[in-house]
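Heads up: the structure comes next, in structure tokens.
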Amino acid sequence: MPWTVPAFPAVPSGDHAAPPGLVTVDEVFLTRVEHGPIATTVGPTRWLRGAVHLASGDLVKPSQKLCAGANTWAPADPRTVRVNPRAERLEGRWLYGGHWMQHFGHFVAETLTTLWPEPDDTGDVVGLVFHKYLKRPWGTDPWQLRLLELAGRGGLPVQVVDGRAGRRVESLVVPGRSVVAHGWAHDQARQVWDRVAAPFRGRGGPRRVFLSRTGHNAVRRAQQHRSAGRSTPEWDAAVDRIFEDAGFQVVRPETLPVDEQIALVADAEVVAGASGSALHLSAFSPPSARVLEVGDSRSPGHPVAMQLVVDAVCGHEHAFVRGNLAPAELRAELEGLLS
Numbered sequence: 201m202p203w204t205v206p207a208f209p210a211v212p213s214g215d216h217a218a219p220p221g222l223v224t225v226d227e228v229f230l231t232r233v234e235h236g237p238i239a240t241t242v243g244p245t246r247w248l249r250g251a252v253h254l255a256s257g258d259l260v261k262p263s264q265k266l267c268a269g270a271n272t273w274a275p276a277d278p279r280t281v282r283v284n285p286r287a288e289r290l291e292g293r294w295l296y297g298g299h300w301m302q303h304f305g306h307f308v309a310e311t312l313t314t315l316w317p318e319p320d321d322t323g324d325v326v327g328l329v330f331h332k333y334l335k336r337p338w339g340t341d342p343w344q345l346r347l348l349e350l351a352g353r354g355g356l357p358v359q360v361v362d363g364r365a366g367r368r369v370e371s372l373v374v375p376g377r378s379v380v381a382h383g384w385a386h387d388q389a390r391q392v393w394d395r396v397a398a399p400f401r402g403r404g405g406p407r408r409v410f411l412s413r414t415g416h417n418a419v420r421r422a423q424q425h426r427s428a429g430r431s432t433p434e435w436d437a438a439v440d441r442i443f444e445d446a447g448f449q450v451v452r453p454e455t456l457p458v459d460e461q462i463a464l465v466a467d468a469e470v471v472a473g474a475s476g477s478a479l480h481l482s483a484f485s486p487p488s489a490r491v492l493e494v495g496d497s498r499s500p501g502h503p504v505a506m507q508l509v510v511d512a513v514c515g516h517e518h519a520f521v522r523g524n525l526a527p528a529e530l531r532a533e534l535e536g537l538l539s
């Protein structure tokens, strides 16, 4: 696939075509997180619930998580719910951040970008409140707190509503989503990523960076994780050698503090890596950067939709190399793209 700025995988329509707005609502209720299967053979096969409701019980629609593409959850929040007056109440003005993702790529792409409003636009907020995403345990890892700090929301307490109970909030600032997973994004997302990357620009980082998954994949194989079969040790080693020979700095990003990860791509001319979470780090690359995605066994023949969303809104030229090539074929493809 030649270098080109990609189109969004899905076309926004209706209310979702406009840039996200910002509303402040008082005395709200955040319903607990619920999800499950839908008995259907067409369209979404899963539903997701957990949103913001007024004191009357009416839904605040911008708080819903919207999905697009094959991995779709149907938002199933009722138009009106019964507010639990005995639910824990958060005092003061809080900022709603959508869903708190533990997964690196989705935290960068979805959680961080829901916090797009500038501090001057929200007034003084005393904390950040989110809904938990699905069944995964959640925590406030240091890299997440550091990204919040770089986005201008450092030092604020984080509250996450999970599947056990809802939460009331005295006053809540609710931004619309600037990224729709696997679908499209608005310019507010790029502004957040630029805000995070700004302190690292101009430091003279590497021109070409390859985000290796060799170490990550080795750990997954040892753990017998369901994603362990996306590559082989031989393939991982061969890919690292090919990109090193092509002048790329080969790094294992999961071994580095998040500041060093951002610094690696902040001035890069080409960012390359396998399809998936690590390559979403390219969100912090300059608009002039090119992004080279190498497929894996999960998606050997076409790029991951979320990567296309990131590159489209950032204006990055993107190229894709199939993940089922022999090493010699991969080397030839790379030489052609970089010549």
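When we follow the working numbering, the leftmost residue of the sequence shown carries the number 201, and every step to the right adds one. All C-beta atoms, glycine included, are put in the ideal place defined by N, C-alpha and C. The model shown is predicted, which means the values in this text are computed figures rather than measured ones.
Handout entry: Phe-604 in three-state terms, based on DSSP
Key = With the chain covering only 201 through 539, there is no way to say anything about residue 604.
Worksheet item: So, helix, strand or coil for Val-242, using DSSP?
Response: Reduced to three states, the DSSP call for Val-242 is coil.
Q.
With distance defined between alpha-carbon atoms, name the residue in Ala-381, Val-379, Val-374, Pro-399 nearest to Leu-350.
A. Leu-350 has its Cα closest to that of Pro-399, out of Ala-381, Val-379, Val-374, Pro-399.
Note to self: Could you give the first and the last residue of the continuous beta strand (DSSP E) run that contains Ala-389?
What the structure shows: That residue, Ala-389, is in no beta strand (DSSP E); its alpha helix (DSSP H) goes 387 to 397.
With respect to the alpha helix (DSSP H) encompassing Trp-343, which residues constitute its N-terminal and C-terminal limits? 342 to 348
When Trp-338, Leu-372, Ala-385 are compared against Asp-362, the one with the closest alpha-carbon:
Trp-338
Practice problem: Tell whether a beta-carbon distance below 9 Å holds between Val-494 and Ser-482. | Solution: no
| said: Can you check which of these residues, Ala-519, His-518, Glu-533, is closest to Leu-525 by C-alpha distance? | reply: Glu-533
If contacts are defined as beta-carbon pairs under 8 Å, then His-386 and Cys-267 qualify, I think. What distance do you get, rounded to the angstrom?
The pair is not a contact, with the Cβ atoms about 16 Å apart (cut-off 8 Å).
Between Gln-264 and Ala-255, how many whole angstroms is the CB-CB distance? I'm expecting something under 8 Å. Contact flag wrong, Cβ pair sits at about 18 Å.
- Straight-line CA distance for Arg-322 to Leu-295? For the sequence presented, residue 322 should be read as Thr rather than Arg. Cα-Cα distance, rounded: 8 Å.
Note down, in chain order, each residue of its chain lying with its Cβ closer than 6 Å to the Cβ of Arg-452, except the 5 sequence neighbours on either side.
Ser-412, Gly-415
In this structure, does DSSP put Trp-435 in helix, strand or coil? Looking at Trp-435 - three-state DSSP - the assignment turns out to be helix.
Q: Would you mind giving the Cβ-Cβ distance between His-470 and Val-225, rounded to the nearest angstrom? I have them listed as a contact below 8 Å.
A: Here residue 470 is Val; the residue named in the question, His, does not match the sequence. Taking C-beta atoms under 8 Å as the contact rule, Val-470 and Val-225 fail to qualify, at a distance of about 45 Å.
- Roughly how far, in whole angstroms, is the beta-carbon of Ala-519 from the beta-carbon of Leu-537, given that I think they are within contact range, below 8 Å? 6 Å
inquiry  = Between Arg-367, Phe-330, Gly-473, Gln-359, which has its C-alpha nearest Arg-522's C-alpha?
reply    = If we check each option's Cα against that of Arg-522, Gly-473 comes out closest.
- Message: Counting C-beta neighbours from all protein chains within 10 Å, is the total for Asp-436 16 or more, i.e. buried, or is it exposed?
- Response: buried
TODO: Can you tell me the Cβ-Cβ gap for Phe-484 and Ala-466, rounded? I've got them flagged as a contact below 8 Å.
DONE: 6 Å
**OP:** Give the secondary structure of Leu-481 by DSSP, where H, G and I count as helix, E and B as strand, and everything else as coil.
**Re:** helix
Exercise. Assign Gly-305 to buried or exposed, taking buried as 16 or more other Cβ atoms, counted over all protein chains shown, within 10 Å of its Cβ.
Key: buried
Going by C-alpha to C-alpha distance, which of Arg-353, Val-233, Arg-279, Asn-284 sits closest to Thr-314?
Arg-353
Review point. On the premise that His-253 lies in contact with Val-211, defined as a C-beta separation below 8 Å, what is that separation, rounded to the nearest angstrom?
Key: No, Val-211 and His-253 are not in contact; Cβ-Cβ is about 29 Å, not under 8 Å.
*Go through its chain and collect everything with a Cβ distance to Pro-244's Cβ below 7 Å, but skip five positions before and after it.*
Here the set comprises Ile-238, Thr-272, Trp-273, Ala-274.
Note to self: Taking only three categories from DSSP, how would you classify Ser-378?
What the structure shows: coil
Express the C-alpha separation of Val-369 and Ala-287 in angstroms, rounding to a whole number. 10 Å
task: Using the Cα positions of His-480 and Thr-240, report the straight-line distance between them to the nearest angstrom.
output: 32 Å
- Going along the chain, which unbroken runs of the alpha helix (DSSP H) with 4 or more residues stay wholly within the segment 288 to 341? 319 to 322
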